[in-house]
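Okay, so here's the structure we're looking at.
Residue numbers (the working numbering): 92 to 405.
Below you can see the structure in the form of structure tokens.
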């Protein structure tokens, strides 16, 4: 038995959830791009996450956390480390109506949370309608719309540090800002969040859905590629630069919304990266504006090289 096989058997025994080897990351990417992960773990408990971190440390391997696979670009070469997928195994939620508190595990999708709240006559998460992804990734990116973000509802976030120590963080300690949070800058793993509910404002759901209809939801896409610069929109700048519909390989700038890159078939991560570089260069040349990445870019062995250095995404 090789050392690699021994390591595989060790990880399989230590984790209660699902463990896979050589898992295709394209299967877990909304863009349908990416090579294989050396180790792929789908935890069912916080203890599973701790064991995965311990295994990575013992084997001197990099690790990263995956949510629903939106807002992420995996490399064509794959990931030579441990991918911890906070997903189907961690979707529990509890509502304390009397206190106006909702507790949700990080793997639950935003859509299912919205439906759950509606079943209890609550609309606090309605502004997130149509946003793909899981609660954990939404907290990392402080997902939302111009009128509000998920961080506005946070009471507490529950996370683990690299050593597996439990942290309970207040809203202020999360350092939420426009599409930013503390979790993009520190190696912390969100496993649950607690939110204030019951005092939500009324949202025009049809207007929110109409906004989503202006996005290319019928094609594989990671979501918005760039953050909006102050006082402007990245999509408008890209369109004004004449790049709408531009294609490299199987990747193309959407003709519906220019801040989206879609997979037209057979796209590679290298195609997407070349397209991103072209957009940034052209927009800077035309308008003198440097577009900041919202998309997280993963390297083969070091994790993120894009929008942040954090550890989880949508």
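Cβ coordinates follow ideal geometry from the N, Cα and C atoms, glycine included.
- For residue 209, the three-state secondary structure derived from DSSP is helix.
- Under DSSP, residue 194 forms a beta bridge with 185, 285.
- Following the DSSP letters along the chain, one finds residue 375 inside the alpha helix (DSSP H) bounded by residues 360-378.
- Taking a C-beta distance under 9 Å as the contact criterion, residue 347 and residue 369 do not qualify as a contact pair.
- Boundaries of the beta strand (DSSP E) harbouring residue 171: 170-176, taken from the DSSP string.
- For residue 249, DSSP records a beta bridge to 259, 283.
- Between residue 356 and residue 341 the beta-carbon gap is near 5 Å, inside 8 Å, which marks them as a contact.
- Within a 10 Å sphere around the beta-carbon of residue 160 sit 16 or more other beta-carbons, which makes this residue buried.
- The count of Cβ pairs closer than 8 Å, one atom from the stretch 131-151 and one from the stretch 103-110, reaches three, so the stretches are in contact.
- DSSP links residue 268 through a beta bridge to 271.
- Between the alpha carbons of residue 115 and residue 327 lies a distance of about 35 Å.
- The stretch 257-272 makes no contact with the stretch 208-221; the number of CB pairs closer than 8 Å stays below 3.
- Beta-bridge partners of residue 132 (DSSP): 110, 175.
- At a Cβ-Cβ threshold of 9 Å, residue 169 and residue 228 do not count as neighbours.
- Taken in chain order, the unbroken stretches of alpha helix (DSSP H) that lie wholly in the stretch 283-349 and span 4 residues or more are 296-304, 325-331.
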